[in-house]
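Numbering (the numbering used here), first residue to last: 947 to 1092. For each residue, glycine too, the CB sits at the ideal point set by N, CA and C. Written below as structure tokens is the structure these notes are about.
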């Protein structure tokens, strides 16, 4: 799936992503990278707002799973069930969130979804400002086959 397709879907169906200026930089079958520009996400301290970083982390995991399920042509309802973000350093310019899901982890999730109609998966996201890790996110996502 092309990055632009995921970006467009997110902008149309998750409006905050458009307001935040989020775009998908790269995606393949095991990973995704999303960019959040500085200007629309600035806070009163002239750094990127923590809520924006948290939202970006949630979206990175969700977008990777959404893209993989679209490729598999599996109709589903995909939601975040739990989310935790650790803020390590302030970000004073654009940030990039990176999420990876190895094939074995994906296969367990996908097989469970096919067999039981519902599956959970936990994904980790690392958000960087340049080379500096500014936040880590752990999200548990649930898919229900429709």
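Cβ-based neighbour list, residue i, same chain, cut-off 8 Å, excluding 5 preceding and 5 following
i	result
residue 1021	1091 and 1092
Residue from the options with nearest C-alpha to residue i
i	options	result
residue 969	1044, 1078, 1018 and 1036	1044
residue 1083	1075, 1064, 1033 and 1040	1033
residue 1046	1011, 1015 and 1029	1011
residue 1070	1085, 1078 and 1056	1085
residue 963	1051, 1067, 1056 and 1002	1002
residue 1067	972, 1038, 1048 and 974	1048
residue 1030	1075, 1018 and 1004	1004
residue 1158	950, 1016, 956 and 1076	As displayed, the chain neither begins before 947 nor continues past 1092, which places residue 1158 out of reach and without an answer.
residue 992	1000, 1039 and 1007	1039
7 Å CB neighbourhood of residue i in its chain, flanking five on each side removed
i	result
residue 987	966, 994, 995 and 998
residue 1009	952, 956, 970, 978 and 980
Simplified DSSP assignment, three categories, for residue i
i	result
residue 962	helix
residue 1081	strand
residue 988	strand
residue 1024	strand
residue 1013	helix
residue 969	strand
residue 1038	coil
Residues bridged to residue i (per DSSP)
i	result
residue 1045	978 and 1071
residue 1064	1090
residue 994	988
Handout entry: the segment 975 to 990 contacting the segment 1060 to 1069, beta-carbon criterion three pairs below 8 Å
Key = no
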